[in-house]
Amino acid sequence: MKFDTIIIGGGLAGLTAGIKLAENGQRCAIVSRGQSALHFSSGSLDLLSALPDGTPVHEPEAALKSLAEQAPRHPYSLMGKESVLALAAESERLLARAGIPLTGHYRQNHLRITPLGKQRASWLSPPEVPQAPLPWQKVTVINIAGFLDFQAELVAGSLSSSGCVTHVAELTLPVLDVLRNNPSEFRAVNIARVLDLPENLPALVDELRLMLGSGEAMILPACLGLEGRTVEAVEQALNVPVKLLPTLPPSVPGMQLHNALRRHFQALGGLIMPGDTVTGAQLEQGCINALFTKNHREVPLRTRHVILASGSFFSGGLAASRHQVSEPIFGLDVEVPEDRASWSKADFFTPQPWLQFGLTVNNHFQPFHHGEYTKNLYAIGSVLGGFDPIQQGCGGGVSMLTALCVADQILVAAEACHEPA
């Protein structure tokens, strides 16, 4: 099998790079070993919510200079301000082309309501996610009887403290009893598969109408609309806004985002090899010309370019032992302090140094192996080092922007070498 580019990892970064390359005529394959981390995400994307020193960021453009001073190895700092802004705009257009309706703009963060009713600065959010300040005086917060992955009382309490009158109600809906009797199966995704069935819509609407009371809007756990347009149908029937808050994983909004990107990549002709792992590479004249995988064994996957988008520790892109952190596929150089005691902080809620561990790369996002880089190997997304996706609120942005940055470089190189698409 021959490809222009093989991408290792099928998360946000890998799919973004694959879509960009496939849109420009490249034959691309994604080797994905397991479930995407998007399945565990809120479905919202962050660009830059805070600087390393803790300063909140309202306008990312205005904060990029300070970011470069405080974190010169941050992926945004390696790209430069103009590239960050251009690629952020391109990310929004790519998501629109993929049919993903997110609200927000890269020049101004918005405040979305979190599953605890708090406020968090974000770049892009699904339209169903409520944003602060809420435009309603009275809100009905709904939970589902027996569902433990969403706490309506906590949400209502937080909203009440900000001046909103809230009412909490509980949805029983007998059609959920089969799932409810098995707590391990009573999860957001399984609930959504039941509630999205057209035959269950009338009963859902009738019960929600009784609970609405004087509420001007309704907030539910994100257990609707995994595949269908259930949220819009409920809104039309109740004639009030219906908003959703993410639950504990697996996350319906995160799965929606992943599924839409995957479908778009495949519609463009991209190939996904799920449940497979890269086991080795063949080099020739300083370049990788083939990869070997667990499922294809001795059958080489020929390629001109390789993108490593394997994720961080959670996704297996980085591996940690008691005394070292490594990149398990190619043995690439990982930036880690020598002092083992400095890897973490005792306070769990303090920014953790290990979250910034990742590959050492040059300004073209080519990773190093014993201080040298391979010409056609690139690294993108959370496998990179130099940033804290939680404290700095930049995980989604780093994934998408580095993916587009590397995709552009590959397209330029392919054109310069007159590579046939």
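Every letter in the sequence shown is one number past the one before it in the working numbering, and letter 127, counting from 1, is 956. Glycine included, every Cβ here is placed at the ideal spot set by N, Cα and C.
- Message: Considering Cα atoms alone, identify which of L867, R1151, S1080 is closest to W1172.
- Response: Counting from one through the sequence shown, the residue named residue 1172 turns up at place 343. For the residues L867, R1151, S1080, the minimum Cα distance to W1172 belongs to R1151.
- Going by the beta-carbon positions, is the gap between L867 and L850 smaller than 7 angstroms? Here residue 867 refers to the residue found at position 38 when the sequence shown is read from its first residue. Here residue 850 refers to the residue found at position 21 when the sequence shown is read from its first residue. Contact flag unset, no.
- Touching by the beta-carbon criterion (3+ pairs, under 8 angstroms), the region 1012-1019 and the region 981-988: no
- Query: Helix, strand or coil: which one does DSSP assign to Q1085?
  - Reply: Taking the first residue of the sequence shown as 1, we reach residue 1085 at position 256. Here Q1085 sits in helix by DSSP.
- Roughly how many angstroms separate the alpha carbons of S873 and P930, rounded to a whole number? For this step, residue 873 is matched to residue 44 along the sequence shown. For this step, residue 930 is matched to residue 101 along the sequence shown. Going by the C-alpha atoms only, they are around 11 angstroms apart.
- Who does V860 pair with in a DSSP beta bridge? For this step, residue 860 is matched to residue 31 along the sequence shown. Its beta-bridge partners are I837, M1102.
- Cβ pair A981, V968 closer than 7 angstroms: Within the sequence shown, numbered from 1, the residue matching residue 981 stands at position 152. Within the sequence shown, numbered from 1, the residue matching residue 968 stands at position 139. Cβ distance not < 7 angstroms, so A981 and V968 don't count as in contact.
- Query: Would you report the Cα separation of A925 and L953, rounded to the nearest angstrom?
  - Reply: Locating residue 925 in the sequence shown gives position 96, counting from the first residue. Locating residue 953 in the sequence shown gives position 124, counting from the first residue. Straight through space, the alpha carbons of L953 and A925 are spaced by roughly 12 angstroms.
- Query: For N1205 versus H1134, is the C-beta distance shorter than 7 angstroms?
  - Reply: Here residue 1205 refers to the residue found at position 376 of the sequence shown. Here residue 1134 refers to the residue found at position 305 of the sequence shown. In this structure, H1134 lies closer than 7 angstroms to N1205 by Cβ.
- Message: Quick check: D1217 and P1180, are their CB atoms within less than 7 angstroms of each other?
- Response: Against the sequence shown, residue 1217 aligns to sequence position 388. Against the sequence shown, residue 1180 aligns to sequence position 351. Yes. Within cutoff.
- CB G843 to CB I835, shorter than 7 angstroms? Residue 843 sits at position 14 when you count from the first residue of the sequence shown. Residue 835 sits at position 6 when you count from the first residue of the sequence shown. Not closer than 7 angstroms, so no.
- Taking all protein chains shown into account, decide if V913 is buried (16 or more other Cβ within 10 angstroms of its Cβ) or exposed. For this step, residue 913 is matched to residue 84 along the sequence shown. It counts as buried.
- Message: Taking its Cβ as the centre, do 16 or more other Cβ atoms sit within 10 Å of V1060, making it buried, or is it exposed?
- Response: For the purposes of this step, residue 1060 is taken as the residue at position 231 of the sequence shown. V1060 should be labelled buried.
- Rounded Cβ spacing between N1118 and D1105 (contact assumed at less than 8 angstroms): Position 289 of the sequence shown, counted from the start, is the residue given in the question as residue 1118. Position 276 of the sequence shown, counted from the start, is the residue given in the question as residue 1105. Wrong, their Cβ atoms sit about 19 angstroms apart, outside the cutoff.
- Flag this pair as yes or no: are the beta carbons of V1004 and N1029 separated by less than 7 angstroms? In the sequence shown, counting from the first residue as 1, residue 1004 sits at position 175. In the sequence shown, counting from the first residue as 1, residue 1029 sits at position 200. The answer is yes: Cβ separation under 7 angstroms.
- Quickly, what does DSSP pair L1049 with across the bridge? List them, please. Sequence index remark: in the sequence shown, residue 1049 carries index 220 (1-based). In DSSP, L1049 forms a bridge with L1073.
- Message: Here's a check: name, in chain order, each residue in its chain whose Cβ is nearer than 7 angstroms to the Cβ of R1038, leaving out the five neighbours to either side.
- Response: In the sequence shown, counting from the first residue as 1, residue 1038 sits at position 209. These residues qualify, in order along the chain: L1067.
- Task: Check whether the region 1066-1081 touches the region 1034-1051, taking contact to mean three or more Cβ pairs, one atom from each stretch, closer than 8 angstroms.
- Result: yes
- Message: How far does the alpha helix (DSSP H) with I1239 in it extend, from its first residue to its last?
- Response: Position 410 of the sequence shown, counted from the first residue, corresponds to residue 1239. DSSP places I1239 in the uninterrupted alpha helix (DSSP H) bounded by 1224-1245.
- Query: For the beta strand (DSSP E) that K822 lies in, which residues bound it at each end?
  - Reply: The requested residue 822 is not part of the displayed model; the chain covers only 830 to 1250.
- What is the DSSP secondary structure of F1015, reduced to helix, strand or coil? Here the question's residue 1015 lines up with position 186 in the sequence shown. F1015 falls in the coil class under three-state DSSP.
- Starting from the Cα of F1143, find the closest Cα among R862, N853, C857 and give me that residue. Residue mapping note: residue 1143 aligns to position 314 of the sequence shown, counting from 1. For F1143, the closest alpha carbon among the candidates R862, N853, C857 is that of R862.
- Message: Is the separation between the beta-carbon of A950 and that of L963 shorter than 7 angstroms?
- Response: In the sequence shown, counting from the first residue as 1, residue 950 sits at position 121. In the sequence shown, counting from the first residue as 1, residue 963 sits at position 134. Contact flag unset, no.
- Message: Taking the alpha carbon of L880 as the reference point, which residue from L893, S870, F869, S871 has its own alpha carbon closest?
- Response: By one-based count along the sequence shown, residue 880 stands at place 51. Nearest of L893, S870, F869, S871 to L880, Cα basis: L893.
- Query: Taking C-beta to C-beta, are V1081 and M1047 nearer than 7 angstroms?
  - Reply: Start at 1 with the first residue of the sequence shown, and residue 1081 comes out as number 252. Start at 1 with the first residue of the sequence shown, and residue 1047 comes out as number 218. No, these two residues do not count as a Cβ contact at 7 angstroms.
- Item | For V1165 and Q1114, the rounded distance between their alpha carbons | Numbered from its first residue, the sequence shown carries residue 1114 at position 285. Numbered from its first residue, the sequence shown carries residue 1165 at position 336. Approximately 30 angstroms, taken between the alpha carbons.
- Anticipated Cβ contact below 8 angstroms, V860 with M1102, distance rounded: Start at 1 with the first residue of the sequence shown, and residue 860 comes out as number 31. Start at 1 with the first residue of the sequence shown, and residue 1102 comes out as number 273. Going by Cβ atoms, the distance from V860 to M1102 rounds to 5 angstroms, so yes, they are a contact pair.
- What residue does the beta strand (DSSP E) around K967 start on, and which one ends it? In the sequence shown, residue 967 corresponds to position 138, counting from 1. Element bounds for K967: 967-973.
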